[in-house]
Amino acid sequence: MSLQPAPIPLEVPEGPAPLRPPPEAELVEAGKLSMGQLAQAHRDRLETGHPVLDIIVERGWVSADEVADLRAAYGIEAPPPPAVQAAPEPPPETDVPPPAAEARYRIAIRLTNGDLITAGETEGSDKAAALGHAVVADLTKEDGEWPFFNCRFINPETIVSVDLLRADSAD
Numbered sequence: 267m268s269l270q271p272a273p274i275p276l277e278v279p280e281g282p283a284p285l286r287p288p289p290e291a292e293l294v295e296a297g298k299l300s301m302g303q304l305a306q307a308h309r310d311r312l313e314t315g316h317p318v319l320d321i322i323v324e325r326g327w328v329s330a331d332e333v334a335d336l337r338a339a340y341g342i343e344a345p346p347p348p349a350v351q352a353a354p355e356p357p358p359e360t361d362v363p364p365p366a367a368e369a370r371y372r373i374a375i376r377l378t379n380g381d382l383i384t385a386g387e388t389e390g391s392d393k394a395a396a397l398g399h400a401v402v403a404d405l406t407k408e409d410g411e412w413p414f415f416n417c418r419f420i421n422p423e424t425i426v427s428v429d430l431l432r433a434d435s436a437d
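Residue numbers in the sequence shown follow our numbering, run continuously in steps of one, and reach 437 at the last position.
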């Protein structure tokens with residue numbers, strides 16, 4: 267009587283051959299593509315959905331001929347060329363006048379001595395209000411540094427207000 271367990275027969279499936287590494291791995295092994303480039307191509311693939319081999323060619327890291335040979339060796343079909351869309355025809359011209367330009371506004375910092383320092387200029391009241399909020403946020407930072415606007419450092423103690431003015435106004 268033997269205390270040794272009977273050997274378990276090893277079954278080898280006769281199915282498909284073992285998986286090969288992806289084709290771009292051959293480019294890395296051949297020194298034609300760095301691991302950093304391959305990692306960037308995979309990140310681009312996740313963002314754009316384009317195949318890694320196409321991204322490698324688009325970025326100019328490997329020639330299209332080398333990638334075509336690699337595709338042939340792996341039995342991968344080349345992607346169809348991108349469809350070219352015809353340029354849309356311009357709309358027929360009408361006698362409608364172009365829309366009027368929005369009013370321009372400037373954001374100015376008023377100082378105790380009466381000076382106005384222009385901090386920015388934009389079109390439209392909504393954009394001007396947003397720019398005004400951004401200027402106020404810059405001025406109220408408590409990092410100990412004086413704010414810098416229009417080539418000038420401003421002592422925070424001399425600021426009276428932040429004004430939203432029409433760009434064509436004299437004040």
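The beta carbon of each residue, even a glycine, is placed where N, CA and C say it ideally should be.
In this structure, the beta-carbon distance from Y371 to A291 does not fall below 8 Å. Following the DSSP letters along the chain, one finds T388 inside the beta strand (DSSP E) bounded by residues L382 to E389.
Residues of the same chain with a CB within less than 7 Å of the CB of H308, apart from the 5 flanking positions on each side, are V318 in chain order.
Counting C-beta pairs with one atom in each stretch, the segment 332-346 and the segment 379-397 have fewer than three that are closer than 8 Å, which means they do not touch. With a minimum length of 4 residues, the unbroken runs of alpha helix (DSSP H) contained wholly in the segment 281-312 fall at 289-295.
Counting along the chain, A374 sits inside the beta strand (DSSP E) bounded by residues R370 to L377.
Between D320 and R286, the alpha-carbon positions lie close to 20 Å from each other. One alpha carbon belongs to V402, the other to E313, and they sit about 37 Å apart. Per the coordinates, the alpha-carbon of E295 lies some 24 Å from the alpha-carbon of P345. Boundaries of the beta strand (DSSP E) around D429: I425 to R432. Buried is the label assigned to V333, since at least 16 other Cβ atoms lie within 10 Å of its Cβ. A Cβ-Cβ distance of about 5 Å is found for the pair T384 and N416, placing them in contact under the 8 Å criterion.
A distance of 8 Å or more separates the beta carbons of I373 and G390.
Rounded to the nearest whole angstrom, the C-alpha separation of G380 and P356 is 52 Å. The shortest CA-to-CA distance from S435 to any of K298, A330 and A369 is the one to A369.
Between V328 and L293, the gap from beta carbon to beta carbon is short of 8 Å.
The C-alpha of I425 lies about 15 Å from the C-alpha of H399. Taking a 10 Å sphere around the C-beta of P413, we find 16 or more other C-beta atoms and assign the residue as buried.
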